[in-house]
Amino acid sequence: MRSLIRLAIVWLAVWPSVRPAVGQDTSAIDRGVRIGIIYRPGVRPGLVMLPRQGAGLDSARAMIARDLDYSDRFEVITLPGGDSIRLSSPAPARNPTRAPSGTGARGGAQATAGTLNYPLYQALGADFALDITAAGDTTVVTLHDVAAGGVRRAIRARLPARGEPDFRQAVHRLADQALQAALGTPGIAATRVLFVKDGKVYQIDQDGAELKLVSASDRQAMSPAWGADGRRFAYMEFQAGRGQLFLQEMATGKRLPVATTGTALDFTPAFSPDGRTLAFSRATEEGTDLYTINVKDNCCLRRLTVGRFSDNLSPTFSPDGQRVAFVSTRPGLPQIYVMAADGTDQQLFAPFDYGVTGSSNAPDWSPDGQSVAFHRDVAGTLQVFVLDVRTRTVRQLTSVGRNEDPTWAPDSRHLAFVSDRSGYRQLWIIDLDTGRIRPLLQQSGARLPAWSPRLSEATSSTP
Amino acid sequence: MKPVSMLLVIGLAAAVVAGACGTNPPPETAPQPNADSIAAAERARQDSINAAQAEADRLAREEAERIARQREADSLAALSRAGEEVRSMLAVMIHFDYDRSNVRPDDMATLDQKVAILQANPDLRIRIGGHCDERGSDEYNLALGNRRAQAAKQYLVSHGIDASRIETQSWGEERPLVDGHDESAWSQNRRDEFEIVSGGDALRRP
């Protein structure tokens, strides 16, 4: 009821100005201050992390808190005075006025969590309270539904020791499970971003940790692209004007050249969602055109476009695999086009004003199929745009500095991109729903990011 | 020559007479030079004359060789000077407008010169590398660099050069000529480079 009133108040107060403001690039650098943020269709649920201390818990707790904050789906409530004020049980806060006494408590968490002072947390604006405890070698994440006054879910996991290669991904998966329990939608904590720096492919966790070199070649690498299963990626190696495509296994680092590539300039690989087909661009005497090859059997090269006097490049599959968005220079400057996956029915995708709109490049089709992100030349610099696939309307997402090469997170609401808004080119992440922007990697020279799909336990393991 | 042999004959006769009448006191004649020593001296003289002659001949020969070598070197230098000149004419880059791949009118003379060089040197094969500035999209620039290399190649081919003598490649924005983030750097980086693949050892001037 309270939240309904709150929603109504916010709705009435900001309605006329809300729509154009949502998802806009209003702050140059996220200052950690969020005022009047609107979560569609209403206010984001409040989440409070219960203070706990314990060996090994601190880092897991901090990581999960950060993951849930970075999901941009909660108002993360910081307790006044931080962890020094203990608002939770077990000992002092046993409130007899409204103790659900186990009615909503499922799972085995109540033994350690006790009951919470739910009205107090509700007064703080919390819809959920998250408690992280340790029981022997098992970590227990307990999600309290504050409004219902009980435990919504207790998740138990045996985490690898801190410092083990899989520790962080295991914690990220816990955060995703907690988010799923609270909201019913999967999170993006257990994901990574591939990118290129100094001609090498690197990976980094979505929270900015675990930066790691993944390409072993001396040649210049470009354009990494994930397979939909997260087990491998494709990329291009550039040498003496030639480009060869490779597939590399994430777990083993084993890499295989893609058949027929490397004698010409082959670039911008993109996996089909079923992983059987790799689409790519090939530059020849005739210009640049799109091809597909069967990477399951390493055969059957097929040409999708015959540009002749135009270039066609940068393919990206729709999540159902039926269509391919790509860049074509047929209107004179590069713009975003779309075709059926067999190369038929080629047509303009992102509208533009002839002679007015600048070049548009680097399309990436969102995993939910509803949007295509790309960058467009605006007044001599690049800005990230999003095309609504259904209405075929575009909106500009960024306006500060140069912003390019957007790549979708699996939740289809976050984008990683390259921006020089801080003075040099680095990787940033924007949440389209709130407009919040945060740096992913504060190192100069990173480019061509590719956000992974959700990484399961099997795919995230490192040798 | 004649007096010398006369003297030699007299000398020899005197020696025979002296030998035959060994018991007789030697006649009171002026002491005769030793015939052997005369012959030796004569030989030495002759040798020195011969040697001088040989030396003179050798010097003359060497001088001639030196002159010949010099002439050859001079012509080689001239040849390689011409080669260098042609080489640097061939390496002159052409430039492009932002996000464009058409040959600019002010670069046509540069390309015409390359046509002439390729015509004067039928064994010459070249490679054209297309480059872009950092302003455009990283991946699109690979296609644009390819267009720029193809544009120059098309120009040369349309002016009568066999297409098989010209390779092309694109470097996108990966090899900037000038580091910098202003129009001055960008305009220099939007370019085609020309290099010799083969047949560039003795380039003739067109």
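So the sequences go chain by chain: A and B.
Following our numbering, the numbering of the first sequence begins with 1 at its first residue and continues without gaps.
Following our numbering, the numbering of the second sequence begins with 1001 at its first residue and continues without gaps.
Yeah, the Cβ is synthetic: ideal placement off N, Cα and C, and Gly gets one too.
Quick caveat: nothing in here was measured; it's all calculated off a predicted structure.
Residue contact check for Val214 (chain A) against chain B: no CB pair falls below 9 angstroms. The beta-carbon of Val327 (chain A) is placed less than 9 angstroms from the nearest beta-carbon of chain B. With a cutoff of 9 angstroms on beta-carbon distance, Arg1127 (chain B) and Glu1173 (chain B) are scored as not near each other. One Cα belongs to Ala1035 (chain B), the other to Leu1059 (chain B), and the distance between them is close to 35 angstroms. Pairwise C-beta distances place the stretch 177–185 of chain A out of contact with the stretch 205–222 of chain A, as fewer than three of them are shorter than 8 angstroms. Under the DSSP assignment, Gly307 (chain A) falls outside any beta strand (DSSP E); it carries neither an H nor an E label. Sequence-distant partners of His1159 (chain B) (beyond 5 residues in either direction) whose C-beta falls short of 6 angstroms from its own C-beta, in its chain, are Val1115. For Leu441 (chain A), none of the residues of chain B pass the 9 angstroms Cβ criterion, the least Cβ distance being about 17 angstroms. Between the alpha carbons of Met49 (chain A) and Ala175 (chain A) lies a gap of roughly 12 angstroms. Thr357 (chain A) and Leu387 (chain A) have their C-alpha atoms some 14 angstroms from each other. Excluding the 5 residues flanking it on each side, Ala283 (chain A) has same chain C-beta neighbours closer than 7 angstroms at Ala264, Leu265, in chain order.
Between Pro1206 (chain B) and Val1092 (chain B), the gap from beta carbon to beta carbon reaches 9 angstroms or more.
Sequence-ordered contacts of the stretch 343–374 of chain A with chain B read Ser359, Asn361, Ala362 [C-beta pairs closer than 7 angstroms]. Three or more Cβ pairs closer than 8 angstroms define a contact, and the stretch 243–259 of chain A meets that threshold against the stretch 210–221 of chain A.
Under the Cβ distance rule, Met222 (chain A) counts among the residues neighbouring chain B, one pair being separated by less than 9 angstroms.
Rounded to whole angstroms, the gap between the alpha carbons of Arg152 (chain A) and Leu179 (chain A) is 12 angstroms. Between Ile430 (chain A) and Leu397 (chain A), the beta carbon gap of about 7 angstroms places them in contact (Cβ cut-off 8 angstroms). Interface with chain B (9 angstroms Cβ-Cβ cutoff): Leu194 (chain A) is excluded. Leu245 (chain A) and Phe280 (chain A) do touch by the CB rule: their CB atoms are close to 6 angstroms apart, below 8 angstroms. At a cut-off of 9 angstroms between beta carbons, Ala270 (chain A) makes no contact with chain B.
Within chain A, Ala283, Gly287, Thr288, Asp311, Thr329 have C-beta atoms less than 9 angstroms from the C-beta of Arg1147 (chain B), given in sequence order. Remark: C-beta atoms of Arg44 (chain A) and Arg52 (chain A) do not approach each other more closely than 9 angstroms.
In chain order, Leu194, Val214, Ser215, Ala221, Pro224, Tyr235 place their CB closer than 7 angstroms to the CB of Val201 (chain A), counting only its own chain and leaving out the 5 sequence neighbours on each side.
A residue is called buried once 16 or more other Cβ atoms fall within 10 Å of its Cβ, and Gln1150 (chain B) is buried on that count. Chain-ordered listing is empty here: chain B has no CB closer than 7 angstroms to the CB of Glu237 (chain A), the nearest sitting near 12 angstroms. With its beta carbon less than 9 angstroms from one in chain B, Arg242 (chain A) belongs to the interface.
Less than 9 angstroms divides the Cβ of Leu441 (chain A) from the Cβ of Gln426 (chain A). For the pair Arg1148 (chain B) and Ser1170 (chain B), the CB atoms are nearer than the 9 angstroms cut-off. Contact between Thr268 (chain A) and Ser314 (chain A) is confirmed by a C-beta separation of about 5 angstroms, below the 8 angstroms threshold.
With respect to chain B, the C-beta atom of Asp405 (chain A) has a partner C-beta closer than 9 angstroms. The stretch 220–270 of chain A is shown to contain whole beta strand (DSSP E) runs of 3 or more residues at 220–226, 232–239, 242–249, 255–257, in chain order. Residue pairing by DSSP places Lys197 (chain A) opposite A:Lys200 in a beta bridge.
By the C-beta criterion, the stretch 1127–1142 of chain B is judged to be in contact with the stretch 358–377 of chain A, since at least 3 inter-stretch pairs fall below 8 angstroms. Closest in C-alpha terms to Leu301 (chain A), from the list A:Asp58, A:Arg276, A:Arg66, comes A:Arg276. Judged by their CB atoms, Thr434 (chain A) and Trp365 (chain A) are not nearer to each other than the 9 angstroms cut-off. Inclusion of Asn312 (chain A) and Leu290 (chain A) in the CB contact set at 9 angstroms is warranted, their separation being smaller than that value.
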